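Here the structure comes first, spelled out in structure tokens, and everything after it is commentary.
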Amino acid sequence: MKLDPSLHKTLLQLATTLRTQNANSAPKTTPEQEAVDKAVAELSRNRDAASAAQMAVDDMENEILRIQSDERKLRRRKKDGQDALGAETDEERRRDLNHDVYTAKSRIADLMSELQEAHNEIHALRNNRDLAQSRVKDTERKVADARAAAEAAAAATPEGEDPAVVIAHLEEKLPSEALAEFHAQRLENGVGAALFNGRSCSGCAMVLPATGISDIRNTPKDEVPQCPECGSYLITDIS
Ligand SMILES: [Zn+2]
């Protein structure tokens, strides 16, 4: 292949970029991103749990309000009965009123024990909700930390340009004949062009025989020699 020596490095960059692009074609998730995804899923579960815990507290608060309202009604009934008893002289009416007052008192006693139980329960439910909410806060911090770590990791390994753009840019620099020869070779062995380190071809990793090496060395500067083993165009000078 004829190629101006100043473009040998460009050809190698093109070959390398094409190989890297293929190797990275399936986007890999970084461990940092996996940690973010895990923390986000955990946060979502903890938020569900916290909202269920809050709902249980709300239900129990409504239950307490219901008991208190029933209790007020019964106390009114009891008082009305007692007031009526004070003015009633008829024995039969007095027996009915006494019965009403007794029933109200015993219902009130029941409600008071229901209320006590509800207060105990709401105490436990509120503790449970507070715990669930503090778990949400912990997980929110975890998500924030994981995101910061992922961003730091992404900043430490710059993505660089879109490989397609880099490839197009490199191809523009190369003469069309050389580019066609390179692509033909790349179709054949999947490499196209590779670095020659003076002993072996980095395309096929073969240590070349002495004659092959001297042929490569004797190739004119404006030509690119080929690996006698795999046919890759060998770049000998990347300075
Ligand atoms: Zn080779």
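First residue of the sequence shown? That's 1 in the UniProt record's numbering, and the numbers climb one at a time after it.
Here a beta-carbon is modelled for each residue, glycine too, at the ideal position from N, C-alpha and C.
Since we're looking at a predicted model, the values are computed, not measured.
Exposure of residue 238, with buried meaning 16 or more beta-carbon neighbours within 10 Å: exposed
Chain-order list of residues whose beta-carbon lies under 8 Å from that of residue 222 (same chain, five-residue window excluded): 2, 3, 4, 5
Option nearest residue 59 by Cα separation, candidates 184, 95, 125: 125
Per-residue burial, residue 86 [other beta carbons within 10 Å of its own, 16 or more giving buried]: exposed
Proximity winner among 162, 229, 211, 198, relative to residue 192 (alpha-carbon distances): 229
Enclosing alpha helix (DSSP H) for residue 238 [first to last residue]: Premise fails: residue 238 is in no alpha helix (DSSP H) and is neither H nor E.
For residue 236 and residue 182, believed in contact at Cβ under 8 Å, the rounded distance: The pair is not a contact, with the Cβ atoms about 16 Å apart (cut-off 8 Å).
The alpha helix (DSSP H) enclosing residue 85, as first and last residue numbers: 31 to 87
C-alpha distance - residue 150 paired with residue 198, whole-angstrom precision: 41 Å
heavy atom of ligand 1 below 8 Å from residue 229 C-beta: yes
Among 207, 179, 212, nearest to residue 10 - alpha-carbon criterion: 179
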